[in-house]
Amino acid sequence: MIRRIDHIAIAVRDLAAAKSFFLNGLGGRELFSCPHPYQGYSWTLIELGASCCIELIASIDDKSFVQRFLEKRGEGPHHVTIQVDNLRQMHERLTEKGIPTFDYSESLPGWKEFFVHPKHAFGTLFQFAEFNPLDWINPGYVPPCYREFAPPEETAGDQGPVEVKSTESPQGRTVEIRRGTQSVSLPESMIPELVRALLELGRSLTG
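Under this note's numbering, the first residue of the sequence shown carries the number 20, and numbering increases by one thereafter.
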């Protein structure tokens, strides 16, 4: 019934600063980012490792639920999202076990959800959701945790495009080259040498 813990949502005041921490500092990968004007917040989903994601939520309206949370509790974990195979069955199970739920909804295309209040879950807000993540994450890369949703031909031997990014660290600037789950980091000073080596290799392969 339960597939996995899909993500932990963290409420933040400065979305750009939080994204920099998780992407540049911790080496995460952005899977999706989108504002929700009608709910007054913006969110970004970030892959960390190969099994779970971090969702950053920030208010864009001083009356949003995120803003109320920040004013009451400050920045920090907001909820845990558990992905399920069948939301109705999960809801029935919790009801049978005497666990109260709230805000059951199937109104969004491709997304069904309900919640368990922190007072019934040891201080933690749980979101139970049924969805296919490939309906909305950025195309071109399928994270290991979502590969079960992709046709075999989309994942066999393909980990998406090569990505290159430069980051600042106490030791100086480094360049990360990544494809799928594989990555290598080099000091920025080594890039000219790497380029020369790759050009020589290319000439030898084509000559």
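Even glycine gets a Cβ: it sits at the ideal position worked out from N, Cα and C.
Query, Result
"Work out the CA separation of P211 and E219 for me, nearest whole Å.", "12 Å"
"Could you tell me the boundaries of the beta strand (DSSP E) in which F134 lies?", "W130 to V135"
"My guess is that Q102 and A148 are in contact by the Cβ rule of under 8 Å, so how many angstroms apart are they, rounded?", "6 Å"
"Determine the direct distance from the alpha carbon of S83 to that of T186, and round the result to whole angstroms.", "33 Å"
"So, helix, strand or coil for F150, using DSSP?", "strand"
"Starting from the C-beta of I57, find all residues in its chain whose C-beta is less than 8 Å away, skip the five residues before and the five after it, and write them out in chain order.", "A quick correction: the sequence has Tyr, not Ile, at residue 57. Cβ neighbours of Y57 beyond the five flanking positions: none."
"Runs of 3 residues minimum, wholly inside the stretch 52–126: which ones carry the beta strand (DSSP E) assignment?", "60–67, 71–78 and 95–103"
"For S70, I'd like the list of residues in its chain whose CB is within less than 8 Å of its CB, leaving aside the five on either flank, ordered along the chain.", "R23, P163 and C164"
"Suppose the cutoff is 7 Å on Cβ atoms and the five residues either side in sequence are ignored; what does the same chain contact list for N151 look like?", "G129 and F168"
"Within a Cβ cutoff of 7 Å, which residues of the same chain sit near E94, ignoring the five residues on either side of it in sequence?", "A30, V31 and R32"
"Excluding sequence positions up to five away, which residues of its chain have a Cβ less than 6 Å from the Cβ of L144?", "H98 and P137"
"As a quick exercise: from I65, L34 and G59, pick the residue whose alpha carbon is nearest that of G46.", "I65"
"Report the rounded CA-to-CA distance for N105 versus I196, giving the unit in angstroms.", "38 Å"
"Considering I210, what are the terminal residues of the alpha helix (DSSP H) in which it resides?", "I210 to T225"
"Straight-line CA distance for R107 to R166?", "24 Å"
"Where do the N-terminal and C-terminal ends of the beta strand (DSSP E) with A28 fall, by residue?", "I21 to V31"
"If we count the other Cβ atoms within 10 Å of its Cβ and call it buried at 16 or more, is I76 buried or exposed?", "buried"
"Do you know offhand how far V135's Cα is from T120's?", "5 Å"
"State the beta-bridge partners of E195 as determined by DSSP.", "K184 and S204"
"Thinking C-beta only, is G191 closer than 8 Å to P206?", "yes"
"Under 6 Å Cβ to Cβ from V183, same chain only, skipping five residues before and after it: list those, please.", "I196"
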